[in-house]
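Residue numbers are given in our numbering: position 15 of the sequence shown equals residue 252, and the series is strictly consecutive.
Virtual Cβ for every residue (Gly too), placed ideally from N, Cα, C.
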Amino acid sequence: MGTRSLTRIIPRQEGLAYDKAHEKPELALVNIYQQYDGYPEYMAVEYAKWLEGLSIGNGLGRTPQLNRYANGPGCFAAQFIKEFKDRPGGLYLSPIDDDYGWADYVYTLFPKEGEQTYMSIYHTFSKKVIFVGKPDAVLKKYNKEELV
238 MGTRSLTRII PRQEGLAYDK AHEKPELALV NIYQQYDGYP EYMAVEYAKW
288 LEGLSIGNGL GRTPQLNRYA NGPGCFAAQF IKEFKDRPGG LYLSPIDDDY
338 GWADYVYTLF PKEGEQTYMS IYHTFSKKVI FVGKPDAVLK KYNKEELV
């Protein structure tokens with residue numbers, strides 16, 4: 238049995254607090270169910286590593302940085318799925334609703350043009366947001382490989 242999680246990508250917007258986004262699934266571009274390895278020391282770290290150096294803009298211009306650039310939150314969401322879905326099973330797109338199912342954690346990523354992506358982590362059993370921050374803060378808190 239694995240540690241299950243949901244990941245939602247919600248474009249950052251005024252009036253939506255990072256620590257309340259898990260209550261607003263209707264704002265998500267995607268709802269992604271991860272069947273195993275959903276604990277922060279793995280999943281949050283993997284997300285943070287992917288987010289580091291990724292810029293989000295509006296338009297491709299003449300010389301886009303195709304490998305580390307997303308053309309808005311929708312492009313960000315599509316690239317996210319491409320990065321983390323590499324074989325059958327494990328990761329699934331799921332209906333967007335407020336049911337956490339068997340998920341232990343709900344990750345919310347907040348992309349915004351011209352700014353770093355924030356992440357929040359909600360622990361469904363304790364009913365608490367256990368983290369809000371940028372990728373570097375995720376790595377400082379959860380990357381156990383760096384501490385060895």
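Going by DSSP in three states, Lys-349 sits in which element: helix, strand or coil?
strand
What alpha helix (DSSP H) runs, 4 residues minimum, are completely inside the region 317-382?
372-379
Is the beta carbon of Leu-376 less than 8 Å from the beta carbon of Val-267?
no
Expressed to the nearest angstrom, what Euclidean distance is found between the alpha-carbon atoms of Gly-239 and Gln-271?
9 Å
Would the region 243-253 and the region 336-346 be scored as touching if the rule is three or more Cβ pairs under 8 Å?
yes
Taking buried to mean at least 16 other C-beta atoms within 10 Å of its own C-beta, is Val-385 buried or exposed?
Legend: pLDDT at Val-385 = 45, less than 50; position of this residue unreliable, value from coordinates given subsequently. Exposed.
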